[in-house]
Amino acid sequence: MLSKIIGVIGELLLTAGVLVALFAFYLLYWSGLETGKAQQQARDELQQAWSTPASAPAPAPEGTEPAVEGSWMPGSAVALISAPKAGFSDFVVFEGVSQEVLRSGPGHYPGTALPGQVGNSSYAAHRDGHGAPFDNIDRLQTCDDITVETRDAIYRYKVLPVDGMAGAGESFDCVPEGTNVPEIPGQHIVTPDRADVLNPVGDATLLTLTTCHPQWDNTHRLIIHAVLAGVETKEVN
Numbered sequence: 001m002l003s004k005i006i007g008v009i010g011e012l013l014l015t016a017g018v019l020v021a022l023f024a025f026y027l028l029y030w031s032g033l034e035t036g037k038a039q040q041q042a043r044d045e046l047q048q049a050w051s052t053p054a055s056a057p058a059p060a061p062e063g064t065e066p067a068v069e070g071s072w073m074p075g076s077a078v079a080l081i082s083a084p085k086a087g088f089s090d091f092v093v094f095e096g097v098s099q100e101v102l103r104s105g106p107g108h109y110p111g112t113a114l115p116g117q118v119g120n121s122s123y124a125a126h127r128d129g130h131g132a133p134f135d136n137i138d139r140l141q142t143c144d145d146i147t148v149e150t151r152d153a154i155y156r157y158k159v160l161p162v163d164g165m166a167g168a169g170e171s172f173d174c175v176p177e178g179t180n181v182p183e184i185p186g187q188h189i190v191t192p193d194r195a196d197v198l199n200p201v202g203d204a205t206l207l208t209l210t211t212c213h214p215q216w217d218n219t220h221r222l223i224i225h226a227v228l229a230g231v232e233t234k235e236v237n
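Under UniProt numbering, think of the first position of the sequence shown as 1, with each following residue one higher.
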């Protein structure tokens, strides 16, 4: 009898191990392929759209709310985001932060500022699985670059002073003189209910990145704050 029980337990453990392995394969490999495919398709469509003359906004897809003035169409590809020190370049950004959207790449929080606007232009992305766009944003240090490219311009932000890392406590001289630099940390960890990290801070022109922390868990959120340091206007059709 005991041997049968042990045998059943062994089979259950083996089955559980197989399921865990399959899930890990999906999360680490297959989901990354799916995201990569979605990114490439969106990047091609975005570059094509940017290379053609601007036209009146298309109607919102059925079942979605139309975009309001000064906002982006829900679910659409809207920009490219890069952070060289975090190891990623030209990830396509989509409007929205639903799980469906984040499976395709980074998402822009609806209702937050657009790139270059006064306020807090905020973005979310996975740290594991689905291409893991933000897996290494914890490597960002004081004055590191984060850029967001839209049809009209490239916006360059600088990470605010990061406590305990290179540059902390030193003068923040990597932005033009007169830049409104708020007294908030460049990197910190908060609980998931801290939606205030997306709030504007005075009249500063901020960018915020959010992702789960630690990796492979979602008990907290890793937050990166940066301030606008420059704008390169693009020639548009």
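Here a beta-carbon is modelled for each residue, glycine too, at the ideal position from N, C-alpha and C.
All figures in this text were calculated on a predicted structure; none of them were measured in a lab.
Quick one: is residue i buried, meaning 16 or more other Cβ sit within 10 Å of its Cβ, or exposed?
i	result
P192	exposed
A120	Per the sequence presented here, residue 120 reads as Asn, with Ala not at that position. When all chains shown are included, N120 counts as buried.
G202	exposed
P53	exposed
E45	exposed
E232	exposed
A124	buried
T219	exposed
R139	exposed
A195	exposed
P214	exposed
V92	buried
I224	buried
Alpha carbon to alpha carbon, how far is residue i from residue j?
i	j	result
G230	Y155	6 Å
R103	T35	6 Å
A226	T208	6 Å
W216	G116	32 Å
T150	S82	12 Å
L33	G129	10 Å
D144	N136	13 Å
H188	S71	28 Å
A49	L114	19 Å
A38	G131	10 Å
A16	C212	Here the model assigns A16 a pLDDT of 42, short of 50, so the residue's position is not dependable, and the following value carries that caveat. Computed Cα separation, rounded: 26 Å.
V162	T142	5 Å
L22	P185	In this prediction, L22 has a pLDDT of 42, which is less than 50 and means its spatial position is unreliable; nothing more can be read from the coordinates.
G107	R43	14 Å
E183	V97	27 Å
V101	S76	9 Å
L160	Q47	31 Å
D173	Q99	38 Å
Whose CA, out of the options, lies closest to the CA of residue i?
i	options	result
I146	D44, P161, D163, A86	A86
S51	S76, N218, D152, L198	D152
G178	G32, I189, A204, D196	A204
L80	G96, S98, T233, G105	G105
V118	C212, E235, N218, L206	L206
K234	S76, T219, D196, V148	V148
E95	P84, P182, V78	V78
S89	Q40, V97, S76, C212	Q40
L222	P176, R127, S98	R127
P176	P200, Q99, K158	K158
V190	T210, P182, C174, F172	T210
P200	D173, L160, T112, F172	T112
Is any non-hydrogen atom of the ligand ZN found closer than 8 Å to the C-beta of residue i, if you look at the structure I gave you?
i	result
V190	In terms of ligand content, the structure shown is empty, and the ligand ZN therefore cannot be addressed.
Between residue i and residue j, how many whole angstroms is the CB-CB distance? I'm expecting something under 8 Å.
i	j	result
P74	P110	7 Å
S122	L198	5 Å
Complete beta strand (DSSP E) runs within the segment 72 to 133 (minimum length 3 residues, chain order): Those beta strand (DSSP E) runs which fall completely within the segment 72 to 133 and span 3+ residues are 77 to 83, 88 to 95, 119 to 124.
Runs of beta strand (DSSP E) wholly within the segment 132 to 218 (minimum 3 residues, chain order): For the segment 132 to 218, whole beta strand (DSSP E) runs of length 3 or above, ordered along the chain, are 145 to 149, 153 to 159, 187 to 190, 205 to 213.
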